[in-house]
Structures are given as C-alpha cells and as structure tokens.
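Written out below as structure tokens is the structure these notes cover.
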Amino acid sequence: MADTGDTATTTRDYRDTVFLPETPFPMRGGLPKKEPEILEAWGDLYARLRAERQSQNAPLYVLHDGPPYANGDIHIGHALNKTLKDFVVRSRFLLGYDVDYVPGWDCHGLPIEWKIEEQFRAKGRRKDEVSKAEFRAACRTYAEGWIDVQREQFKRLGVTADWANRYATMDYGTEAAIVAEFHKFKNSGQLYRGSKPVMWSPVERTALAEAEIEYHDHVSPTIWVKFPVTGATDDHDDDLLAFRHATPAIVIWTTTPWTIPANRAISYGPEIAYGIYEVTAMEEGLEFEPWAKAGDRLILADKLAGEVFKAAKIATFTRLGDINPSGLECAHPLAALDPGYGFAVPLLAGDHVTDDAGTGFVHTAPGHGADDYEVWKAHGHKEVPETVDADGAYYPHVPLFAGLKVLETEGKKDKIGKFGAANKVVTEKLIEAGNLLGRGRMEHSYPHSWRSKAPIIFRNTPQWFIRMDQPLKAGETLRETALKAIDATTFHPAAGKNRIRSMVEDRPDWLISRQRAWGTPLAMFVDKHTGQPLHDDAVDARILAAIQAGGADAWFETPDADFLGVHDPDQYEKVTDILDVWFDSGCTHAFTLEPRTPEHGYQGDRPSHWPADLYLEGSDQHRGWFQSNLLEGCGTRGRAPYKAVLTHGFTQDEQGKKMSKSLGNTTDPATVIKESGADILRLWVALVDYAEDQRIGKQILQTTVEAYRKLRNTVRYLLGALAGFDEAERLPLDQMPPLERFILHRLWQLDGQVRQAYETYDFQDVVRPVIEFCSGDLSALYFDVRKDSLYCDRPDAIRRRAARTVMHEVFLRLTAWLAPLTPFTMEEAWTTRYPDAGTNCARIIPDTPAEWQNDAEAARWDKVWTVLETVNEALEAARRDKIIGGALDAWPSVTLPADLMAAFDGLDAAEVFRTSGAELSAGGDTVTARIDTADHPKCARSWRRVPDVGSDPDYPDLSARDADAVRWLDARKG
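Take the sequence shown: its letter number 158 is residue 158 in my numbering, and every next letter is one higher.
Okay, here's the thing in structure tokens:
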C-alpha cells in the first residue's frame with residue numbers, strides 16, 4: 001500500500017511496516033506434480049483413518065463397492081463412479097464415522113474370454129485346441145494384470161479404500177462362497193431346469209440375461225405370409241370359407257422369416273374383430289408381378305386389413321363377412337414343399353395379440369419367443385421344437401434349411417452378427433410354395449448383446465432358472481419378497497424405486513446358467529433319471545472345500561467320485577455350465593461384508609455390518625447389480641443386502657452425445673490428471689448433477705479450473721492473512737464487530753447446509769454454496785473490506801484481531817468442508833499451516849457454536865449489499881470517466897431510504913465502500929450515489945485520503961491510525 005505519490009513530504013519507505021499476507025502456499029496448484037507427493041505421504045491412509053475412528057468408538061458406516069470389470073484402463077465413467085464413492089467415504093469419515101469400504105473387481109465373463117481367445121489365435125491355436133485348465137489360467141492372469149493397473153489408476157484419483165484387502169470374483173475363496181450361495185438356492189427348491197426360449201447370442205454361444213442386453217436400431221426383413229385354412233369347426237359357415245371354390249388363408253406378419261420353419265400355431269386376440277376378405281383387383285403398372293391375385297380370400301383383423309392390402313399391392317377388395325378364428329386349423333405354409341411340414345397349425349387365443357400393427361394374428365414359434373412359448377404351453381402343448389443350434393444355424397433335421405445360419409458368427413469382423421442366409425432362403429421357399437403375400441424392410445429397436453454388440457435371437461434351450469413365483473419358507477415368493485425389500489429401501493434419487501420396482505414386477509424367472517468356460521460353475525450333480533439336483537450336505541461340503549483350495553478349476557478337474565462319495569457316479573450328470581456373472585456379483589455382499597460382522601464372530605480391525613448402508617452405481621444397474629444383489633439377498637436371507645441405493649447418470653461429451661472412441665469425443669481421466677490434476681476432475685464431479693447425465697470436455701473442464709482457482713485463491717489468502725496467528729490473539733464473540741458477526745453467521749449457516757448435503761449425498765449442494773461464499777461473502781466483501789485493517793492496523797487492534805479470529809474459523813471449516821471433494825488441495829493447505837498436526841483427512845468437521853447464528857446481522861448485510869451495489873456501480877463509472885483513480889480517491893455521497901440507512905448504524909460506511917470517506921443521508925425510495933473526490937492528503941502508508949493525515953508530528957505523512965501502528969512497530973524494533 002505504501003507509496004510516495006500525492007502525499008505530504010516524506011523520506012521514509014513504509015513498505016516494510018505493512019502486514020502483507022505471507023505464505024509458501026503457491027498461487028498455481030501444480031497438481032500433477034504435487035498430488036503424487038501427497039499420495040506418498042498419506043501411505044495407507046484408509047487403515048489409519050479406520051484405526052483412529054475405532055479408537056474414538058465411532059459409529060460404523062458401510063459402503064459396498066459394485067465391482068468394475070477387470071479389463072482395460074479406466075474411463076471417465078469409472079472416474080465418476082469411484083470419485084462419487086470416495087466422496088461418500090471421505091465425507092463419512094469427516095462426519096465422524098468409521099467407514100468400511102472394500103473395493104472389488106468382477107473378473108469372470110465373455111470380454112476376458114474373447115481377449116484370451118485372441119491371444120491364442122495370435123499364437124496359431126484355436127480355443128478347442130486349448131485345455132479348459134490352460135484357458136482359465138490365462139483368463140486369471142489377464143484379469144490379475146488389469147486389477148493391478150486399475151487399482152493404481154483409482155489410487156491416483158485419490159480414492160481412499162481398503163486396497164490391501166480388495167475382493168475379486170475369481171479368488172478361490174470367493175468362488176467357493178459364490179458356489180455356497182448357489183447351493184442355498186439349489187437346496188431350497190428355488191432352482192429348476194427348464195427348456196424355454198431364452199435370449200441367446202450365437203456369436204458368443206451362450207444364453208444372456210436381460211441385464212446383458214442393450215437395444216439398438218436394427219433393419220429387419222418383414223414378410224406377410226399366408227397360412228391356408230384346412231379345417232374348421234361346425235359353427236363356421238362353409239359358404240363363407242368357400243372351401244369348394246378357393247382356399248382362404250390367415251395372414252401373419254413377422255420380422256423374423258427364419259422362425260417360419262419353427263411355426264407350430266397362430267395366435268389371435270379374442271377381443272379383436274376379424275373379417276374374411278376377397279381380392280377383386282390388383283394394382284396395375286407394377287414393375288413386378290404381385291403374389292396375390294383376384295379371387296384370393298384372406299382372413300385379417302378389420303383394423304389392419306387396409307395396411308395389409310397396401311403392402312400386397314391389392315387395389316380393391318370385398319369384405320365377405322365376420323369370422324371367428326376360434327376352431328380354425330391351417331396348414332403350414334411350407335407343407336407343399338416337404339412332408340416334414342405336414343402337421344396341422346391350430347389357432348390359439350392369446351392375450352398378447354393386438355391389432356396395433358401387423359395383421360391381427362401372431363405367427364407362433366414356441367421355441368423362439370416368450371409369448372409364443374407361454375401361449376403354446378397354456379393350450380396344453382408340451383413338445384417345443386428345437387430348430388436352431390448354439391451357433392445360430394438350423395439343425396440337420398430341419399427340412400429344407402439344414403445348416404443355414406440365422407446370423408453370421410465367423411469370418412471377418414465386419415460380417416459377424418450380420419444376417420446369414422436363413423431369412424433369404426426361407427422367403428424364397430415361401431414364394432415357391434405360393435404363400436408369400438408381401439415383403440419389406442423395417443428399422444426398429446432390437447436387442448443386442450452389450451458385449452459383442454451383435455443381435456441376439458430367442459432360442460429354446462435347456463437352462464437353469466431360479467423361480468420368482470414359488471413360495472419360500474416364509475410363505476412369500478421371491479418376487480413378493482423383493483418388492484417388499486424395494487419398498488423398504490431408500491433411493492437417491494427417489495425415482496429409482498419405481499424404476500427397479502417395475503423391472504422386478506415384470507421380470508421372468510432368473511436365468512443363471514451360461515455355456516462358457518471362464519466363470520464360477522453351477523457346481524452340482526443331477527440325477528440322470530429324475531433330472532433333479534442332488535441334495536446331499538456332505539457332497540456340497542466336499543465341493544466347497546475343493547473350490548476353496550483350488551478354485552473353480554477343481555470342479556472341472558476332480559473326478560466325480562471324489563465328490564459323490566457313496567453315490568454312483570454313473571447315475572449322476574456333472575453340470576459344467578457356469579453361473580451368470582450377475583449371480584457372481586450378486587453374491588459380493590455375502591463374502592465381502594457378512595464374514596466381518598459381529599454376528600459371524602468377527603473381532604478384527606476391519607469390522608463391517610450387513611446389510612450395507614449404501615450401494616452406489618450407474619442407473620443401468622437397476623436391472624443389473626442392484627437387482628442381482630436384491631434377488632440373491634431376498635432369496636437367501638429374506639431382504640435386500642442394502643439400506644439405500646444411489647444412482648448416477650452417464651457421462652456425455654460437451655454436445656450431449658454419447659462418448660465413443662470412433663467419434664473421438666472421449667475424455668480420458670488419465671489425460672485430465674496429467675494435465676490438470678485429480679482435484680480438477682474431482683471438482684467437476686462435485687459440480688455436476690450426478691443423478692442426471694453429465695457432460696465433460698475441454699471447455700467444461702476449463703470452467704472447472706476457474707472454479708478451482710477461486711477456492712485455491714481463497715485458501716491462499718487465508719493462509720497469508722493468518723501468518724503468525726495464535727490463540728492469544730483470538731477475540732471473543734461479544735467483542736466482534738458487526739461484519740465479523742455476519743461472517744460467523746454465514747459459517748453457522750453453511751455448516752448446517754454442508755452437513756445435511758453430505759448426509760444426503762448432495763455433493764453439488766456442498767461445493768456450490770461454498771464457492772459462492774468464497775467469491776461473494778469473502779472475496780467481494782469481507783476480504784476487501786478487511787484488507788486495510790489486516791495490512792495497516794497494529795497487530796493488537798481489536799478490529800484486526802477480530803478479522804484474524806474469524807478468518808481462522810473460516811480456514812478451519814473450508815479445509816474440512818472441502819476435504820472430501822478436493823482432498824489434495826485441502827491437505828496441502830492444512831499441512832502448510834499445521835505441518836505437525838497430522839493429515840487433514842482425519843479431521844472431523846469442527847463444531848459450530850449455536851450463538852454464531854445471527855439473523856439480525858444477516859438481514860442487516862442484505863440491506864448493506866443493496867446499497868453497496870449502487871455505490872460500486874457509481875465508483876466504476878467515476879473510474880471510467882477518470883474522476884478518480886481508485887476507490888480511495890473517492891468520498892461518495894449516498895442518499896438512501898430510511899430502512900437502508902438504519903442498516904449502517906454502528907458501521908463505518910467508508911470502510912464498507914472501501915473509500916476514504918462517505919456521507920450518508922436518508923431520503924427517497926431508491927439508493928443514489930454521487931462520487932466526490934476525497935479532498936485530503938494521501939496517507940503514505942495506507943493511501944487513504946483522510947483529514948487526520950499529518951496530525952501526528954512524528955509521522956507527518958501518515959494518518960493517525962497508521963502513525964500509531966508504525967510507532968508500535970518502531971518501539972518493538974528498538
């Protein structure tokens with residue numbers, strides 16, 4: 001502040017008498033270099049935090065980790081997820097809890113199998129040339145490598161966790177625990193083997209569950225097919241059907257021509273109005289000859305007849321009358337080409353049939369559709385034909401089409417998942433048989449495997465299921481128990497409850513078997529005569545002991561007799577399917593949390609409790625991990641393994657588009673950390689509304705960097721202003737000036753907001769109010785107003801002591817409030833001021849005295865702000881017009897309403913305006929400000945232009961306040 005400008009004559013340089021902020025805390029973060037140093041200093045931070053909280057008898061909080069897949073570097077979705085979890089862990093430590101958080105990895109499944117197949121192919125070996133043991137060993141090694149990589153990447157993000165005791169679904173003990181959970185379902189009677197259509201991936205050669213499916217736009221062929229009517233019950237009019245003149249036909253429409261060979265029935269809607277129509281003329285001038293002709297008689301839903309005729313190029317027609325499809329019987333449309341299709345095709349009433357699209361009839365292939373299967377069974381039919389094998393090709397016994405593929409599963413990568421020859425050849429055969437009425441193409445949403453991205457088919461195959469609707473011991477079904485558990489769970493956001501509830505209400509039985517190599521086996525034996533699983537506790541115990549010692553490989557490699565004991569191995573089939581990976585991860589609560597509970601006799605230093613307090617994952621896990629844990633917990637323990645569920649959205653680019661490497665719009669967390677630091681990425685997570693889809697990119701990150709600078713500069717200013725502060729300098733509340741009382745009130749107010757926001761996981765409601773406090777209350781008001789006092793008051797002055805006391809309280813709270821969100825920066829700030837006080841991460845939010853609440857001061861400063869805004873605008877205009885150089889050159893005259901005037905009682909208006917003086921006068925309904933120049937000498941030390949400059953003869957170029965401060969300093973220098 002001190003200068004030699006427009007001042008009284010002086011020969012002294014007062015710069016060394018001004019108490020400027022001093023701190024080694026740099027303005028620039030240098031986070032990419034500083035953060036690794038802090039990580040090294042922390043060491044096993046998590047273990048130390050748990051030990052300290054347990055020594056304080058802190059209450060226990062359990063966050064259970066949903067496992068990422070051990071395959072590849074982490075992406076921005078991983079970073080968002082793990083950072084949110086770290087916010088939870090660190091904030092619970094901050095709130096005084098002991099926190100149990102064990103990170104884990106999902107290791108089994110197809111993505112790793114594919115990688116290993118690629119590795120073997122690169123060495124010239126096909127999968128069928130590699131033993132199952134060698135293949136599984138390679139998968140295990142691959143997963144272990146990626147666990148190590150991802151663990152270090154998560155650590156670099158600042159994630160605090162029990163890394164030393166991580167879990168993995170491929171660990172031997174874990175695989176044994178998963179099998180033990182599977183045995184609970186087996187032995188309770190909830191497990192059964194059924195042959196029904198399941199979602200099947202020919203590319204992956206395995207069944208898939210709903211959670212493994214994603215929907216993409218897909219172009220399918222469409223065909224309208226005639227099924228000739230060959231019989232009818234007596235209540236149908238022979239004349240109407242006119243068998244004597246022309247064979248009428250029921251018309252179906254399908255987007256899967258390849259399923260026609262599997263057709264066994266036609267479904268109709270009992271409430272739909274049907275008619276029989278006669279074609280009278282075809283469209284003319286066509287480039288091809290249509291398949292319909294005048295005189296054809298077609299049976300259709302009345303509502304859809306016009307659309308069908310349009311597709312078939314039928315120009316005119318006559319409706320002959322109503323018809324009830326019940327009691328009709330048709331021939332298969334391919335019957336004329338091969339006697340293998342010479343069976344009758346019955347009409348079946350089905351509630352799933354509508355007249356919204358198609359023809360009002362549904363081609364029914366019970367081996368290739370859930371509704372088809374159910375209506376077929378409901379009408380007493382037991383045999384379900386098998387037409388397509390595991391590779392998506394017709395079996396040899398299928399007439400006309402043996403060996404043809406529905407989807408390509410081999411060859412060049414761009415061909416895999418495309419339509420094979422089946423659709424084309426079936427359509428050609430229907431033309432040959434004279435039963436194709438029309439064809440086209442349609443783009444629609446179609447299920448694809450989320451791993452291979454290839455379309456799936458519905459295929460009848462024997463699989464193992466867990467019953468959803470069979471009463472358990474408690475009398476309720478698994479579905480009913482799960483729905484009750486959902487109602488007892490807290491969801492963040494609340495809409496998640498309805499989402500998972502609707503999924504559980506409508507879901508089919510839980511398909512848990514897969515036909516792959518890398519996974520946890522359905523380790524059980526099945527009686528060859530009855531088809532039922534073996535229930536023998538001794539056999540189960542031997543199976544579990546073997547897997548505990550040697551992993552899942554032990555199941556495949558150990559002779560059956562070693563497990564079966566007194567049972568004849570020739571009488572039993574060893575099941576070699578593996579469990580759905582969702583069943584694997586659905587059991588994580590059972591082996592990660594439950595063994596470390598007091599109820600299970602645990603007395604170590606890593607206690608947990610069951611159920612967990614929170615599960616936190618992406619919103620897609622309502623049908624994935626949340627649901628598999630829900631069903632597993634309810635099926636084995638009667639409740640969900642969690643008390644609350646938190647979901648986050650997905651990360652998009654800055655334009656709101658889905659990220660894709662092919663589009664080049666991804667944001668790599670490693671790059672952000674390398675260029676800007678993990679705290680920048682963490683602050684971005686804190687600032688977004690994670691419950692919705694978020695956006696990220698260079699511009700958004702630049703905005704985050706600017707927000708970070710506000711926080712860092714605030715902390716840096718506090719550190720500089722508090723240099724040398726000790727408790728002897730502290731001023732009690734009753735001596736505080738009004739401005740300090742207001743800032744303490746704001747701290748009291750924010751403390752309640754921050755605590756509540758952390759309790760409810762609303763991290764945005766922590767960081768945004770704190771940033772606003774830093775940039776508004778502190779930077780724009782408090783720091784600016786108190787700068788003169790801090791720099792120029794003598795150290796023992798009441799006003800300066802008050803300011804430093806309040807800044808001390810601000811520093812204690814900012815570094816605590818922000819510690820979970822930007823831990824590296826707050827650690828750096830804390831250890832800069834308290835190098836011997838231990839880590840900032842171990843602190844608990846300081847108690848904020850209730851007496852800091854001061855609504856009167858808050859109301860006062862709201863009014864002061866109103867006046868200050870007008871004065872600041874006037875000062876800025878005066879600067880632009882070069883009336884003044886700076887605010888200390890000004891002496892504003894302010895006219896304001898009486899109520900605003902009253903707000904300045906006890907305040908120095910010039911101090912508030914940061915001017916050398918000010919005149920206030922009451923009057924009018926609005927605030928007006930006239931900027932006059934301060935017509936007084938400038939103090940050589942503080943630059944204020946005040947009347948008492950020169951009043952002290954020993955310091956003729958200083959104001960009285962500054963002269964007193966310098967005299968105080970000079971006396972101590974001797």
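Each residue gets a CB set at the ideal place from its N, CA and C atoms; glycine is no exception.
- By the Cβ rule, the region 589-596 does not count as touching the region 39-53, because fewer than three pairs are nearer than 8 Å.
- The Cβ atoms of Glu-134 and Ile-547 do not sit closer than 7 Å to each other.
- A direct Cα-to-Cα measurement between Ala-858 and Pro-508 gives close to 59 Å.
- Secondary structure note for Glu-557: its alpha helix (DSSP H) is the uninterrupted segment 553-557.
- Contact between Val-688 and Ile-680 does not hold, since the beta-carbon distance rounds to 13 Å and is not under 8 Å.
- Between Asn-629 and Pro-641, the C-beta gap is smaller than 7 Å, which places the two residues in contact.
- DSSP places Gln-470 in the coil class of the three-state scheme, outside both helix and strand.
- The residues Ile-252, Thr-254, Asn-263, in chain order, have a CB closer than 6 Å to that of His-363 in the same chain once the five nearest residues on each side in sequence are set aside.
- In the three-state reduction of the DSSP assignment, Met-442 falls in the strand class.
- Bounds of the beta strand (DSSP E) holding Arg-319 are 314-322.
- Under the 10 Å beta carbon count, Phe-288 is surrounded by fewer than 16 other beta carbons and is classified as exposed.
- Counting only unbroken stretches of 4 or more residues, the alpha helix (DSSP H) elements lying wholly within the region 236-306 are 238-241, in sequence order.
- Judged by beta-carbon spacing, Tyr-61 lies within the 7 Å limit of Asp-613, meaning their Cβ atoms are closer than that value.
- Pro-270 sits exposed, since fewer than 16 C-beta atoms from the chains shown fall within 10 Å of its C-beta.
- In this structure Glu-599 is exposed. Its beta-carbon is surrounded by fewer than 16 other beta-carbon atoms within 10 angstroms.
- One alpha carbon belongs to Leu-430, the other to Leu-334, and they sit about 6 Å apart.
- In the structure shown, the three-state DSSP call for Ile-547 is helix.
- Residues Pro-569 of the same chain have their beta carbon placed closer than 7 Å to that of Ala-561, with the five preceding and five following residues left out of the count.
- Counting the other CB atoms within 10 Å of its CB gives Leu-20 a total below 16, which places it among the exposed residues.
- A straight line joining the alpha-carbon of Asp-862 with that of Leu-739 spans about 12 Å.
- In the DSSP assignment, the residues bridged to Phe-465 are Tyr-192, Leu-511.
- The C-beta of His-216 has fewer than 16 other C-beta atoms within 10 Å across all chains shown, which makes the residue exposed.
- The region 201-212 makes contact with the region 444-459, as at least three CB pairs between them are under 8 Å.
- An exposed status is given to Asn-57, since fewer than 16 other beta-carbon atoms sit within 10 Å of its beta-carbon.
- Assigned with DSSP and collapsed to three states, Met-199 falls in strand.
- Here Glu-214 carries a strand assignment [DSSP, helix/strand/coil].
- Runs of the alpha helix (DSSP H) lying entirely within the region 849-902 and spanning at least 4 residues, in chain order: 855-880, 898-902.
- The continuous stretches of alpha helix (DSSP H) do not include Glu-594, and DSSP gives it neither H nor E.
- The closest CA to that of Glu-727, considering only Thr-666, Glu-443, Val-806, Asp-793, is found on Val-806.
- Judged by DSSP in its simplified three-state form, Val-927 adopts coil rather than helix or strand.
- Contact between Val-279 and Lys-293 holds, since their C-beta atoms are separated by about 7 Å, short of 8 Å.
- Between Phe-626 and Ile-500, the beta carbon gap of about 6 Å places them in contact (Cβ cut-off 8 Å).
- Sequence-distant partners of Leu-790 (beyond 5 residues in either direction) whose C-beta falls short of 7 Å from its own C-beta, in its chain, are Phe-19, Ala-721, Arg-800, Ala-803.
- For Thr-490, same chain residues with a beta-carbon under 6 Å away, outside a window of 5 residues either side, are Ala-644 in chain order.
- Taking C-beta atoms as the reference points, Ile-276 and Ile-266 fail to come closer than 7 Å.
- Under the Cβ criterion (8 Å, minimum of three pairs), the region 746-760 counts as touching the region 91-103.
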